[in-house]
Every structure is written in structure tokens, then in C-alpha cells.
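FYI, the numbering for the sequence shown is 84 to 357, going by our numbering. Shown next, in C-alpha cells, is the structure this report addresses.
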Amino acid sequence: MKIGFIGGGNMGEALVRGLIHAGIVPPDHLTVYDIQRDRTEHLTRTYGIRAAEGLSQCVLSSDSVVVAVKPQNVPEVLEELGRSALHRPLVISIAAGVPIAVLEAALPEGTPVVRVMPNTPALVLAGASALARGRFADDTHMETALRVFRAVGVAHEVPEKLLDAVTGLTGSGPAYVLCFLEALIDGGVLMGLPRPVAADLVVQTVLGTALMVQQTGKHPAALKDMVTSPGGTTIHGLEVLESRGFRGAVMGAVRAATERSSALGTTAVKKTSG
Ligand SMILES: NC(=O)c1ccc[n+]([C@@H]2O[C@H](COP(=O)([O-])OP(=O)(O)OC[C@H]3O[C@@H](n4cnc5c(N)ncnc54)[C@H](OP(=O)(O)O)[C@@H]3O)[C@@H](O)[C@H]2O)c1
């Protein structure tokens, strides 16, 4: 597997690091092209991967190409990619809001495309990504793309129409969790704990709880019941959360972000199609 990265910014670097760390691809099978020369140099120096002089060199030396530029830079990348990808490499795009149809229309007919919605914890190899396949991507292509994103966390295939929901859930999710973390820390400070102590305890509590769910495979409600004794402290705290509509607020946040993603996507498609 030879993978080329067009764009070696935050996400491109996270994927390079994850792939090398997991031993999935040797460094000399990875090539990067970034218009920022210092980014390319940083990646080649840090990870021992190859640098391409231009986009077409990056594409020609790879059988999979990851488009990891900001959405506003995608049109210029697609223009050149369309000319260089005559060998029909697997094209994996992480550009938020750029539909598969737009990618496929710019590439040679038959080019396999996978569109991905990753999230920021990928930067610490703990991301959650959802992947959708285009018309020409078969199971082997999807397996390849899943391996790439499993190097930086968990990854699942979904139909493209669900990527807005993924954006509202796990794309925006880190912000919801951070908001909750901050509120918990403030709660500790309100009750007299020094802020650094409260912060350390809260981060570990959230991390540990998530790990418990992941490692036991138990339903969150079952684990919650285990720490909720009759008439105890936890049920008194939970009553406040329930009476103030905590769950409804969280579900509503996912709905609002999903609807916003869908509206932004519709605008982007209209702009792209002139
Ligand atoms: N960061 C995240 O957590 C996250 C989460 C979900 C999805 N995404 C998606 O991932 C993509 C990349 O995000 P990022 O945070 O990694 O962005 P980033 O840090 O800005 O990295 C993109 C890099 O590509 C370079 N670039 C721009 N145009 C180029 C071109 N024509 N050819 C080659 N390189 C080019 C950029 O240079 P300049 O700085 O000069 O533009 C920059 O160095 C975005 O589309 C974003 O929607 C990111």
C-alpha cells in the first residue's frame, strides 16, 4: 500500500503518525505534497516519509491518495488531481462538506472514492471516523480506507446521507464533551476544590468512564445503575440533571448541528454546480 497525502497539516500529520505508529505502512511508502514547503520538510524530517515536488508526482507514486486540505482548497486540488489520477488511485477525501458526487465528477470515470468525516481526537490517535463509499469503491477499497482511519482511532462505514449526522454527533461531539468537562470542573471549584485538582480529577473521570463503556461493552445505563445507590449522592445529582432537561439538551445539540451541516452542504453543492 503506497499512500500519498495532498496537504500535510494537522489531519495529514495525524494520519501519517498513526499509520507509522501502527506499523501499517513503512515510512518510505508514504509521500506528502503540501504547498507549504516547511510542512513537507517537517513531515519528511520527523517521520522519514517521502516528499513530492508537486501534486502530480505525489499522485503518480501512490495507489491511494488522501485529500487533506481545507474545503476551500479542494477545487484547485481536484482540478490537478483529475489530470494526474489517470491510473485511478483510491481517492480518500476528508474535506468537510464536499460530496462524493463533486469528487467523482472531477476525477477520471471509474475512480474509486471514499469520503471521510474524522474528528479532532484523531490528533492524539483516539479519533472517531465515519467513511462513505462512492460508486466505484468496492469492499477492498473500503477495507483499505478503514485501515487508514483505524490507525488513528475507531472507524465505521455509513451511507453518505448519514455523514451530516456524523458531523453533528462526532464532528461537533468533542465541543459538547469539552463543554461538559468545563462545567464539571467549575462544579468542583464551586464546591471548594483548587482548579488544577478539579481539572485533573474530572479529565480522568471522563476518560475512565468512557474506557469502562468501551472495555466492558456494557450499556451506559447499566454502568450508571452500578454507581447509583438508593437515596445516595449520585441519584440526587442525577435528579437535577434530569429536571433541567440534560438529555434533551444533548440530543437537541446533535439535531441542531446535523441540520446545520446539511444546510451548509446544500449551499456548497449549489455553489459548486454554479
Ligand atoms: N482538523 C480536524 O480535526 C478535522 C476534523 C474533521 C475534518 N477535517 C478536515 O480535514 C481537512 C484538513 O484539515 P486540517 O486541520 O489538517 O487543515 P490544515 O492544518 O490547514 O492542513 C492543510 C494543509 O494543506 C495545505 N494546502 C492548501 N492547499 C493546498 C494544495 N493545493 N496542495 C497541497 N497542499 C495544500 C495547507 O496550506 P495553507 O495553510 O497554505 O492553506 C495546509 O498546510 C479539512 O478539509 C477539514 O475539513 C479536519
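Don't be surprised by glycine CBs; every beta carbon is placed ideally from N, CA and C. Quick caveat, the model's predicted, so the values are computed rather than measured.
At a threshold of 7 Å, V160 counts as near ligand 1, since its beta carbon sits closer than that to one of the ligand's heavy atoms. The way I'd put it, the stretch 206-221 doesn't touch the stretch 292-305; fewer than three beta-carbon pairs between them come closer than 8 Å. Taking 7 Å as the cut-off, the C-beta of G137 does not count as close to any heavy atom of ligand 1. One thing to note: G165 has its Cβ within 8 Å of the Cβ of A189. The Cβ atoms of T114 and S139 lie no closer than 8 Å to each other. When rounded, the separation of the alpha-carbon atoms in P154 and G180 is 7 Å. Ligand 1 has a heavy atom closer than 7 Å to the beta-carbon of P154.
Comparing C-alpha distances from S176 to each of V196, R327 and L294 shows the shortest one belongs to V196.
Here A238 is actually not in contact with L246; their C-beta atoms are around 13 Å apart, not less than 8 Å.
When beta bridges are read from the DSSP output, H239 appears opposite A213. In the DSSP annotation of this structure, the continuous segment of the beta strand (DSSP E) that includes T114 starts and ends at L113 to Y116.
Pairwise C-beta distances place the stretch 220-227 out of contact with the stretch 244-259, as fewer than three of them are shorter than 8 Å. Here G217 is near L186, since their CB atoms are less than 8 Å apart.
Distances between the C-beta of P201 and the heavy atoms of ligand 1 include at least one below 7 Å.
Judged by DSSP in its simplified three-state form, A151 adopts coil rather than helix or strand. Looking at the backbone, the Cα of F263 and that of L161 are separated by about 39 Å.
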